[in-house]
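At position 376 of the sequence shown the residue is numbered 376 (my numbering), and the sequence of numbers has no breaks.
Glycine residues also receive a C-beta, built at the ideal position from the N, C-alpha and C atoms.
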Amino acid sequence: MFGHMAQKGLKVKTEVSHFDMIVVGAGFAGLYQLHKARNAGLKVKVLEAGEGVGGTWFWNQYPGARCDVESLDYSYSFSKELEQEWDWSERYATQPEILRYLNHVADRFELRKDIHLGARVAAARFDDITHRWILTTGAGEVYEAQYLVMATGGLSAPQRPTLANLDAFAGAWYHSAQWPKAGVDFSGKKVGLIGTGSSGVQMAPLIAEQAAQLTVFQRTANFSVPAENTLIDAATLRQAKANYPQRRAIALESYGGSNLPANPRTAKEMTAEERIAEMEFRWRGAGGGHRMQRVFADVMTDTATNKLVSDFVRSKIRETVRDPRVAELLCPKEDLPFGAKRLCVDSNYYETFNRDNVELVDLVADPLVAATERGLRTVERDHELDVIVFATGFDAMTGALLAIDIRGMHGQSLRDKWANGPTTYLGMSMAGFPNLFIITGPGSPSVLTNVVHSIEAHVDWTMALIERARKDGVVRIEATQQAENAWVEECAHAATTTLYAKANSWYWGANIPGKPRVFLAYVGGAPAYRKILESVAVNQYQGFKLSALKRR
Ligand code: NA7
Numbered sequence: 001m002f003g004h005m006a007q008k009g010l011k012v013k014t015e016v017s018h019f020d021m022i023v024v025g026a027g028f029a030g031l032y033q034l035h036k037a038r039n040a041g042l043k044v045k046v047l048e049a050g051e052g053v054g055g056t057w058f059w060n061q062y063p064g065a066r067c068d069v070e071s072l073d074y075s076y077s078f079s080k081e082l083e084q085e086w087d088w089s090e091r092y093a094t095q096p097e098i099l100r101y102l103n104h105v106a107d108r109f110e111l112r113k114d115i116h117l118g119a120r121v122a123a124a125r126f127d128d129i130t131h132r133w134i135l136t137t138g139a140g141e142v143y144e145a146q147y148l149v150m151a152t153g154g155l156s157a158p159q160r161p162t163l164a165n166l167d168a169f170a171g172a173w174y175h176s177a178q179w180p181k182a183g184v185d186f187s188g189k190k191v192g193l194i195g196t197g198s199s200g201v202q203m204a205p206l207i208a209e210q211a212a213q214l215t216v217f218q219r220t221a222n223f224s225v226p227a228e229n230t231l232i233d234a235a236t237l238r239q240a241k242a243n244y245p246q247r248r249a250i251a252l253e254s255y256g257g258s259n260l261p262a263n264p265r266t267a268k269e270m271t272a273e274e275r276i277a278e279m280e281f282r283w284r285g286a287g288g289g290h291r292m293q294r295v296f297a298d299v300m301t302d303t304a305t306n307k308l309v310s311d312f313v314r315s316k317i318r319e320t321v322r323d324p325r326v327a328e329l330l331c332p333k334e335d336l337p338f339g340a341k342r343l344c345v346d347s348n349y350y351e352t353f354n355r356d357n358v359e360l361v362d363l364v365a366d367p368l369v370a371a372t373e374r375g376l377r378t379v380e381r382d383h384e385l386d387v388i389v390f391a392t393g394f395d396a397m398t399g400a401l402l403a404i405d406i407r408g409m410h411g412q413s414l415r416d417k418w419a420n421g422p423t424t425y426l427g428m429s430m431a432g433f434p435n436l437f438i439i440t441g442p443g444s445p446s447v448l449t450n451v452v453h454s455i456e457a458h459v460d461w462t463m464a465l466i467e468r469a470r471k472d473g474v475v476r477i478e479a480t481q482q483a484e485n486a487w488v489e490e491c492a493h494a495a496t497t498t499l500y501a502k503a504n505s506w507y508w509g510a511n512i513p514g515k516p517r518v519f520l521a522y523v524g525g526a527p528a529y530r531k532i533l534e535s536v537a538v539n540q541y542q543g544f545k546l547s548a549l550k551r552r
């Protein structure tokens with residue numbers, strides 16, 4: 001079939017490819033969505049901007065990139081065979097290992113034939129008459145489908161600050177999320193690293209080992225905890241595989257959708273000795289990482305408890321970093337609650353500052369001014385550099401969606417709808433945008449959880465809804481405005497009940513100049529959210545309007 005497209009005043013015929021469902025993105029979400037929808041009998045096409053599958057794990061190939069959720073949790077649970085045949089080699093998998101896993105998934109479930117790589121979606125428009133979506137890629141290809149699933153990821157639109165004069169810099173510069181596939185050789189180089197979030201904290205130790213000199217430019221000191229990463233030996237792996245059902249069951253009932261033992265007691269319910277022992281145990285003995293964020297039941301809700309944990313981490317930083325001046329700079333300030341910005345999980349981050357070839361620049365005292373031909377200029381001095389690395393994060397949760405010109409009913413643009421911040425029903429659907437689903441979108445637990453777990457939950461739930469709709473002859477699934485308003489209110493209220501409210505983090509969009517301040521995730525936790533989804537489904541998909549074709 002052919003559609004028409006105006007080009008230079010001429011009508012040219014453009015071939016339109018028709019599907020039941022178009023999925024945008026071939027990361028964890030897109031791959032599973034494809035598998036699940038295809039198994040349900042839908043004709044599906046995945047459009048992926050990258051030249052390979054993997055999404056986040058395709059793009060973020062910087063040195064030291066690894067997941068801060070344990071591999072045995074950060075993996076699909078939908079296939080018991082996949083669980084058994086894949087051997088994770090480390091507690092926290094590296095980016096290359098996760099990318100290998102996702103490529104294995106693509107091959108094993110024969111997904112590639114339905115994935116169009118190198119296809120960046122530029123626009124998506126809902127047709128009010130056919131109730132279908134029409135998509136255009138940057139190359140001008142046109143696709144149309146009844147359902148549009150945005151599997152574009154929460155941390156996929158890189159954010160690089162405007163730095164005056166960067167064009168004049170004679171050296172090379174890179175962003176953590178747009179890393180060259182061939183890698184970067186830092187040997188003998190003077191490297192400047194801007195940003196000390198998860199990406200910066202992961203790469204600093206590795207760059208420091210290779211480079212002649214590493215200068216870390218820090219704006220905000222964040223909390224980082226030891227990963228306590230280890231290899232998974234054969235016996236442990238065998239046992240883990242045998243215990244997968246139990247492991248997944250625990251994850252299902254945990255706040256973050258993974259196996260992080262949570263202390264059910266508040267700090268006040270424990271003695272001073274017990275509190276110290278609990279924090280010490282989680283810092284090292286229990287296996288490190290995000291276990292620290294579950295150290296007391298009230299760590300994210302009680303200011304005094306949070307301060308206790310903050311002080312504990314600060315004491316660890318002071319113990320680790322030999323130069324007291326540098327240690328103080330690395331200690332997060334009192335106005336940043338522990339965990340309120342995404343907690344960093346590191347291997348030897350603080351230790352790195354004991355090296356002779358590493359320097360810390362405090363951008364609060366000495367702000368960045370501009371790039372120069374030979375490096376970076378801060379107010380007080382010039383820093384001579386061969387390479388600049390931006391580990392400056394993402395336009396989280398909304399960036400990738402708003403990069404596409406999405407238009408719903410009557411041509412309403414998503415950019416307009418979200419001008420004051422994202423609004424969704426359940427973090428996956430929007431009034432005025434029928435038949436469109438966002439996997440782990442704004443207003444869902446998403447980035448506060450093991451995202452693979454949340455992805456599976458969303459894909460399973462939306463597919464059940466779509467299958468039911470297909471059975472009932474429904475052509476249009478749409479969130480009501482009332483349901484969306486109520487959910488937005490619920491999310492906003494939930495956020496204010498926690499200490500997340502106290503930080504200027506990307507959870508609030510605070511890292512993007514001009515971005516509306518809206519908490520971008522649902523803080524109620526994965527189990528509470530699952531119960532809400534279950535109840536919506538049981539109550540005839542309450543909050544959705546399901547329209548069947550009118551019989552003539
Ligand atoms: P993050 O966590 O957003 O960290 C970005 C870092 O870059 C953070 O330290 C920022 O400081 C810093 N930054 C951003 N803009 C600037 C400017 N203009 N000048 C100086 N420093 C700046 O991104 P990551 O990639 O590390 O991690 C993102 C998520 O990926 C992470 O949370 C995990 O979920 C995985 P700031 O704190 O804003 O002062």
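*Using 10 angstroms around the beta-carbon of Gly118, count the other beta-carbons present and answer buried if the total reaches 16, otherwise exposed.*
Position 118 of the sequence shown holds residue 118. The residue is exposed, with fewer than 16 neighbouring Cβ atoms inside 10 Å.
*Start and end of the alpha helix (DSSP H) containing Phe217?*
Sequence index remark: in the sequence shown, residue 217 carries index 217 (1-based). From DSSP, Phe217 is part of no alpha helix (DSSP H) but of the beta strand (DSSP E) over Gln213 to Gln218.
*Short check: CB of Lys455 to CB of Ala29, under 7 angstroms?*
For the purposes of this step, residue 455 is identified with residue 455 of the sequence shown, where counting begins at 1. For the purposes of this step, residue 29 is identified with residue 29 of the sequence shown, where counting begins at 1. According to the sequence provided, residue 455 is Ile. The question's Lys does not apply to it. In contact: Ile455 and Ala29 (Cβ atoms closer than 7 angstroms).
_Let me check you understand the geometry: is the CB of Arg342 closer than 6 angstroms to at least one non-hydrogen atom of the ligand NA7?_
If you number the sequence shown from 1, residue 342 lands on position 342. Answer for Arg342: yes, Cβ within range of the ligand NA7.
*asked:* Using 7 angstroms as the threshold, is the C-beta distance between Tyr349 and Val225 below it?
replied: Counting from 1 along the sequence shown, the entry for residue 349 is found at position 349. Counting from 1 along the sequence shown, the entry for residue 225 is found at position 225. Going by C-beta atoms, Tyr349 is not nearer than 7 angstroms to Val225.
*So, is Lys471 buried or exposed, given that buried needs 16 or more other C-beta atoms within 10 angstroms?*
On the sequence shown, position 471 is the one that residue 471 refers to. Exposed is the call here.
*Local conformation of Met397 per DSSP, three classes*: The residue you call residue 397 lines up with position 397 of the sequence shown. DSSP places Met397 in coil when its eight states are reduced to three.
_Can you tell me where the alpha helix (DSSP H) holding Leu414 begins and where it ends?_
Reading the sequence shown from its first residue, position 414 is the one you call residue 414. That run of the alpha helix (DSSP H) goes Leu414 to Lys417.
*Do you know whose CA, among Ser347, Gly195 and Thr303, lies nearest Pro158's CA?*
The residue you call residue 158 lines up with position 158 of the sequence shown. The option with the nearest alpha carbon to Pro158 is Gly195.
_In whole angstroms, give me the CA-to-CA distance for Thr320 and Ala40._
Start at 1 with the first residue of the sequence shown, and residue 320 comes out as number 320. Start at 1 with the first residue of the sequence shown, and residue 40 comes out as number 40. Computed Cα separation, rounded: 54 angstroms.
_Could you tell me the alpha carbon to alpha carbon distance between Arg530 and Cys491, rounded to whole angstroms?_
As a first step, residue 530 is located in the sequence shown; it is residue number 530 there, counting from the start. As a first step, residue 491 is located in the sequence shown; it is residue number 491 there, counting from the start. Each residue's alpha carbon lies about 15 angstroms from the other.
*Just to check, is the beta-carbon of Arg247 closer than 6 angstroms to a non-hydrogen atom of the ligand NA7?*
Taking the sequence shown and counting its residues from 1, one reaches residue 247 at position 247. Checking every heavy atom of the ligand NA7 against the Cβ of Arg247, none is found closer than 6 angstroms.
*Are the region 394 to 407 and the region 364 to 379 touching, with three or more C-beta to C-beta distances below 8 angstroms?*
no
*If I'm right that Asp128 touches His410 with Cβ under 8 angstroms, what's the distance once you round it to whole angstroms?*
For the purposes of this step, residue 128 is taken as the residue at position 128 of the sequence shown. For the purposes of this step, residue 410 is taken as the residue at position 410 of the sequence shown. At roughly 7 angstroms, the Cβ-Cβ gap stays under 8 angstroms, so Asp128 and His410 are in contact.
*Name, in chain order, the residues that DSSP records as bridge partners for Tyr500.*
Counting from one through the sequence shown, the residue named residue 500 turns up at place 500. Per DSSP, none; premise fails for Tyr500.
*Could you tell me which residues DSSP puts in a beta bridge with Leu231?*
Position 231 of the sequence shown, counting from 1, holds the residue named residue 231. Bridge partners of Leu231: Glu90.
*Counting only runs of 3+ residues fully inside the region 221 to 295, write out the beta strand (DSSP E) ranges in chain order.*
224 to 226
*Quick one: what does DSSP say Ser156 is sitting in, helix, strand or coil?*
As a first step, residue 156 is located in the sequence shown; it is residue number 156 there, counting from the start. Looking at Ser156 - three-state DSSP - the assignment turns out to be coil, as it is neither helix nor strand.
_Buried or exposed (CB count within 10 angstroms, at least 16 for buried), Ser315_ = Position 315 of the sequence shown, counted from the start, is the residue given in the question as residue 315. The residue in question, Ser315, is exposed, as its Cβ has fewer than 16 Cβ neighbours within 10 Å.
*Grab me the residues of Leu166's own chain with a C-beta within less than 6 angstroms of its C-beta, minus the 5 sequence neighbours each way, in chain order.*
The residue you call residue 166 lines up with position 166 of the sequence shown. Same-chain partners within the cutoff: Ala371.
*Pick from Asn420, Gln218, Lys181 and Arg322: whose alpha carbon is nearest that of Lys333?*
Taking the sequence shown and counting its residues from 1, the one referred to as residue 333 is at position 333. Closest option to Lys333, Cα to Cα, is Gln218.
*CB Phe312 to CB Ala145, shorter than 7 angstroms?*
Sequence index remark: in the sequence shown, residue 312 carries index 312 (1-based). Sequence index remark: in the sequence shown, residue 145 carries index 145 (1-based). It is not a contact, given that the beta carbons lie outside the stated cut-off.
*asked:* In the DSSP output, what is Phe544 paired with across the bridge?
replied: Residue 544 sits at position 544 when you count from the first residue of the sequence shown. DSSP, once it has assigned bridges, lists Ala479 as partnering Phe544.
*4 or more residues per run - each alpha helix (DSSP H) lying fully within the region 292 to 322*: 303 to 320
*asked:* Going by beta-carbon coordinates alone, are Leu214 and Ala221 separated by less than 7 angstroms?
replied: What you label residue 214 is simply residue 214 of the sequence shown in a count that begins at 1. What you label residue 221 is simply residue 221 of the sequence shown in a count that begins at 1. No, Cβ-Cβ distance for Leu214 and Ala221 is not below 7 angstroms.
*Measuring CA to CA, which of Gly287, Ala151, Leu163 and Leu31 is closest to Arg108?*
Reading the sequence shown from its first residue, position 108 is the one you call residue 108. With distances taken between Cα atoms, Arg108 lies closest to Leu31.
*Starting from the C-beta of Leu237, find all residues in its chain whose C-beta is less than 8 angstroms away, skip the five residues before and the five after it, and write them out in chain order.*
Locating residue 237 in the sequence shown gives position 237, counting from the first residue. Cβ neighbours of Leu237 beyond the five flanking positions: Asp87 and Trp88.
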